[in-house]
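K.L.:
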Amino acid sequence: MLPSRPSRRYRVLTAVTAAACALAAGCTGLRCPRIDPTGERCFIWPKDEVIAPVGAPAAIVPPVIGNPVAPPVVTDPIFPTPTTPAVTPATTIATPLAGLAVQPAQDHLTVTPGRVLAPVGSEVVLKASICTTVGYTLANQEVEWMLGRNGVGQFVELGGKGLVHPPLIPWFRGEKIDNYLARGYTADGPLCIDRGTPDPTDDVNINRGDAWVSVTSANEGTSHITAYTPAVQSWDTRKAAATIYWIDAQWTFPPPSLTASGSGETLTTLVTTQTDGTPIEGWIVRYEVVGGQASEVRTGADGRAAVQVSPTGSGTTTQVNIQLIRPANFAGSDAPQLVIGNGSTVITWGGSAPYLPPSTTQPMTPPIQTGPTAPVQETPITPPPSLPAAAPAQLELEVQGPNPAQPQVSGTVRYTLIIRNVGDAPATAVAVTDEFDTGLIFPLDPSRNRIRNDRIGTIGPRDSRTVNIDLEVSKAGELCQTFTVEYAEGAPLTRRVCLTAVAAAPQREGGMRVNIDGPLQGIQGQTIQFTVTVRNTGQIALVNITTEEEYPTAVLQVQPQPDAQPISGRITRQIPRLDVGQQKQFTVTALCLQSTRATAVVRARAETDPPTHPVETADDHDFEVLLPQSPPPTGGSPPQPPAAVTPLSVVVTPRNPELLVGARSALDITVTNKSAIHDGDVALRVYFPPNLTPDPLAVEGPPGLAAPRMMGEYLTFDALPSLPPGETVRYVIPFAGAQSGVIDVIAQAVSRNVPGSAQHSAEIEVIGNRR
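Residues 8 to 778 in the working numbering are what the sequence shown lists, from first letter to last.
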């Protein structure tokens with residue numbers, strides 16, 4: 008990662024860099040070693056060096072163990088240096104097409120390096136500069152970086168304006184729009200980008216006029232980067248491109264000093280991935296005997312490429328140069344053939360014991376290397392024999408975990424199994440079995456308490472495999488499991504491990520109650536008042552609370568409010584926050600317009616802090632507007648008020664006003680004809696908010712009545728053809744709690760004599776599950 012602020016070394020290097028930039032001539036690109044043994048810096052593919060002649064022999068490299076550190080080499084023949092077109096002599100008669108051969112000098116954008124090889128997981132720095140016609144670079148100019156989405160990789164960080172990194176002024180900083188688009192600037196002065204390591208040689212010096220960006224990739228593949236600047240007018244020179252080839256490999260060459268008998272020796276190269284140590288099949292290892300023959304061998308399924316070498320001439324030693332080559336378009340990629348590494352070894356003949364490649368040599372992270380690949384004629388020396396095993400296969404099992412160390416119920420736990428072959432022969436038919444207690448669940452098949460992985464296959468000598476096992480925890484307490492590793496060459500390995508799961512911390516629930524209260528009756532032409540109360544009844548604070556009141560506009564004329572303006576009988580309010588137990592009240596005044604029955608409704612919605620899930624609730628209030636009483640006539644007796652008669656009555660009674668989410672209960676609803684005359688066409692409907700889920704098929708009602716139907720949020724019953732005076736019919740409606748909240752269930756009944764509907768409601772509170 009690039010540092011977030013200038014390091015101490017920055018202050019020392021800035022002055023040195025500034026002096027060096029002052030002496031530098033013209034527009035120069037990024038110069039850094041092509042090979043980096045740490046795997047932290049970019050690996051340049053030079054464009055401007057002499058091409059090696061096709062067919063030239065590979066350079067002799069001194070004996071080196073493991074991955075060699077080679078000096079910069081010339082351009083690969085796959086990317087030849089473009090030939091400069093000859094300029095038409097002045098005596099030639101110019102034509103419209105011939106005149107295009109000589110272009111006027113223009114400002115142009117350059118990107119260095121143009122081609123890069125880098126290990127996966129490393130961070131490559133690209134630099135761009137705007138070169139003017141007089142050979143100087145421009146500072147404080149915008150440069151846009153674009154990464155092709157058809158490849159791999161992503162942008163990490165980029166440079167801005169100013170003399171420090173990151174710039175002290177926020178608007179001088181570069182902007183990463185996303186992983187594929189970034190916008191930076193050419194630097195106003197020299198600075199040094201410190202990678203945060205103690206090694207000063209991996210720092211990147213930025214000159215005045217340089218824009219830079221860093222790119223990384225976790226996968227093998229190719230990154231295509233395009234830089235663009237609006238500071239250059241010409242479409243042909245305002246863009247520049249670079250290509251990064253990401254390699255995931257590590258290798259082990261035979262050691263440089265060998266003793267052997269005079270009958271011949273086997274040389275073996277091991278190639279595996281850097282990320283997980285998986286053998287790489289299909290790469291080319293080129294063995295060349297100095298002064299003798301050469302042979303190219305492809306790595307097998309175990310990542311090994313072996314060749315048999317026989318003594319040559321009368322000498323006592325034989326030097327063999329080794330070259331590791333990644334084939335063109337390997338694994339479907341668009342990369343050309345790449346020379347990844349070079350090495351050599353020496354065989355000393357005449358020893359008393361045959362040579363066996365040591366199994367203790369550990370692979371190294373590869374410094375990616377490219378160089379001239381001279382075409383060679385594949386002349387096998389001797390078909391590579393299978394390597395003899397000095398000791399039988401022997402597996403060891405290491406169990407890491409659990410992770411987390413103390414998992415919670417309903418969480419996931421991971422164990423990591425590392426299986427190592429410490430023998431000198433392959434271990435075949437390797438399989439892992441995990442048998443675990445009840446309380447641990449395999450997500451892909453919860454009904455099993457034993458899983459088996461028999462696809463591990465073969466583990467080579469001194470190689471290892473890593474297996475991750477993820478299980479879900481369903482109960483608290485001690486939970487154990489037994490891992491068993493089997494292989495064909497030895498006895499099974501068994502490890503038993505246990506963990507202690509803890510119950511998850513109880514989650515606090517949010518709750519809210521809203522009420523609208525007012526008079527049961529009002530007089531036409533007079534005003535009445537309603538009171539709206541919003542209360543936090545939960546265990547955590549509520550935020551962003553919105554209430555909405557609806558008053559029937561044909562019955563009431565709502566007066567303007569000091570804190571809210573009614574629009575078509577609707578008032579919306581915002582409450583920023585209500586802590587636990589806190590409440591807010593609002594008073595609404597309305598003028599009664601006509602005599603009738605009506606209902607005022609209020610709804611509320613809020614979010615919790617910290618966020619869990621939204622909380623919703625509602626309430627309503629029934630009232631009646633009456634006509635004003637007429638004055639009594641002169642000399643007569645005052646009229647007697649009519650007896651208050653409700654011809655149709657409906658009553659809702661919940662069997663359990665409070666229930667948990669998922670629990671079941673029922674409503675008892677009665678409809679009564681209180682009049683003295685016969686009534687008919689008695690229909691019932693019940694409003695269920697989303698917090699409750701009724702069960703229409705389990706409803707009990709009057710005999711012969713069809714099952715009710717859900718119409719939106721209403722459970723609707725067919726009408727009863729007849730209801731005698733004084734008679735009562737009963738309905739039982741089972742339901743379940745769906746989500747927490749305090750809600751009202753509203754029942755409405757209409758009949759032939761009471762078309763305006765009778766109504767009654769009951770409050771039910773659904774409580775979230777307490778853990």
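Heads up, the beta-carbon is just placed ideally off N, CA and C, and yes, glycines get one too.
Bear in mind that the values here come from a model prediction, so they are computed numbers and not experimental data.
1) Tell me, to the nearest whole angstrom, how far the beta carbon of A234 is from that of V159; I am working on the premise that it is less than 8 Å.
2) Which of the three DSSP states, helix, strand or coil, is assigned to L451?
3) Taking only three categories from DSSP, how would you classify D309?
4) With DSSP as the reference, identify every bridge partner of N5, one or two as the case may be.
5) Write down the C-beta distance between Q326 and V346 rounded to the nearest angstrom, noting that I regard them as a contact closer than 8 Å.
6) Indicate the three-state DSSP secondary structure (helix, strand or coil) for G339 in the structure shown.
7) What's the gap between the Cα of T423 and the Cα of D477?
8) Enumerated in chain order, which unbroken segments of the alpha helix (DSSP H) with a length of 4 residues or greater are wholly contained in the region 106-189?
9) Using the Cα positions of L722 and I552, report the straight-line distance between them to the nearest angstrom.
10) Going by CA-CA distance only, name the one from G464, R469 and V509 that's closest to G484.
11) Closest to E182 by CA distance: which of I530, W152, R305 and G169 is it?
12) Using C-beta distances below 8 Å, list every residue in its chain close to P174, excluding the 5 sequence neighbours before and after it, in chain order.
13) To the nearest angstrom, how far is the alpha carbon of D725 from that of G733?
14) Between the Cα of P617 and those of Y187, V550 and P709, spot the shortest distance and give me the residue it belongs to.
15) Just verifying my parser: in three-state terms, what is the DSSP assignment at A714?
16) Could you check the C-alpha separation between P696 and R610 for me, to the nearest Å?
17) So, is P365 buried or exposed, given that buried needs 16 or more other C-beta atoms within 10 angstroms?
18) For the beta strand (DSSP E) that G464 lies in, which residues bound it at each end?
19) Which class does V275 belong to by DSSP, given the choice of helix, strand or coil?
20) Excluding five sequence neighbours on each side, which residues of the same chain lie with their C-beta closer than 6 Å to the C-beta of D627?
21) Please report how far the alpha carbon of T139 lies from the alpha carbon of Q113, in whole angstroms.
22) To the nearest angstrom, report how far apart E665 and Q592 are at their CA atoms.
23) Rounded to the nearest angstrom, what separates I426 and E288 at their Cα positions?
24) For P64, name the three-state secondary structure that DSSP assigns.
25) Look up D209 in the DSSP assignment and say whether it is helix, strand or coil.
26) Within a Cβ cutoff of 7 Å, which residues of the same chain sit near Y694, ignoring the five residues on either side of it in sequence?
27) Buried or exposed, going by whether 16 or more other CB atoms sit within 10 Å of the CB of C505?
28) Mind checking P84: buried by the 16 CB within 10 Å criterion, or exposed?
29) Is the region 194-211 in contact with the region 228-243, if contact means three or more CB pairs nearer than 8 Å?
30) With three or more C-beta pairs closer than 8 Å as the rule, is the region 532-550 touching the region 578-595?
31) Leaving out the 5 sequence neighbours to the left and right, which residues in its chain are closer than 8 Å to S417 when beta-carbon positions are compared?
32) List the whole-angstrom C-beta distance separating R737 from D675, where the pair is believed to meet the contact cut-off of C-beta under 8 Å.
33) Along the chain, where does the beta strand (DSSP E) containing I676 start, and where does it finish?
34) For a quick check, are the C-beta atoms of R759 and D688 less than 8 Å apart?
35) Would you give the residue range spanned by the beta strand (DSSP E) that S221 belongs to?
P.N.:
This is what the structure holds:
1) The Cβ separation is near 19 Å, so there is no contact.
2) Look at L451 here: in three-state DSSP terms it is coil, with no helix or strand label.
3) If DSSP states are grouped into helix, strand and coil, D309 belongs with coil.
4) Any question about residue 5 goes unanswered here, given that the chain covers just 8 to 778.
5) Contact check for Q326 and V346: beta-carbon distance about 19 Å, past the 8 Å limit, so the pair fails to qualify.
6) helix
7) 9 Å
8) none
9) 30 Å
10) V509
11) W152
12) Result list for P174: G167, K168 and R180, in chain order.
13) 21 Å
14) V550
15) DSSP places A714 in the coil class of the three-state scheme, outside both helix and strand.
16) When rounded, the distance between both Cα atoms is 12 Å.
17) Since pLDDT at P365 reaches only 42, below the 50 mark, its modelled position is unreliable, and the value read off the structure follows with that caveat. The residue in question, P365, is exposed, as its Cβ has fewer than 16 Cβ neighbours within 10 Å.
18) R457 to I466
19) At residue 275 the sequence reads Thr, which differs from the Val that was named. Looking at T275 - three-state DSSP - the assignment turns out to be strand.
20) So the qualifying residues of the chain are T606 and V608.
21) 7 Å
22) 25 Å
23) 21 Å
24) Confidence is the limiting factor: at P64 the pLDDT is only 39, short of 50, which leaves the residue's position unreliable, though a coordinate-based value still follows. Looking at P64 - three-state DSSP - the assignment turns out to be coil, as it is neither helix nor strand.
25) helix
26) E720, Y721, V752 and I753
27) Classification of C505: exposed, given that the 10 Å Cβ count is below 16.
28) The pLDDT assigned to P84 is 36, lower than 50, so where the model puts this residue is not dependable, and the model offers no usable value.
29) no
30) yes
31) E479, V480, S481 and A511
32) 7 Å
33) Per DSSP, the unbroken beta strand (DSSP E) holding I676 starts and ends at R671 to N680.
34) yes
35) Counting along the chain, S221 sits inside the beta strand (DSSP E) bounded by residues D217 to T223.
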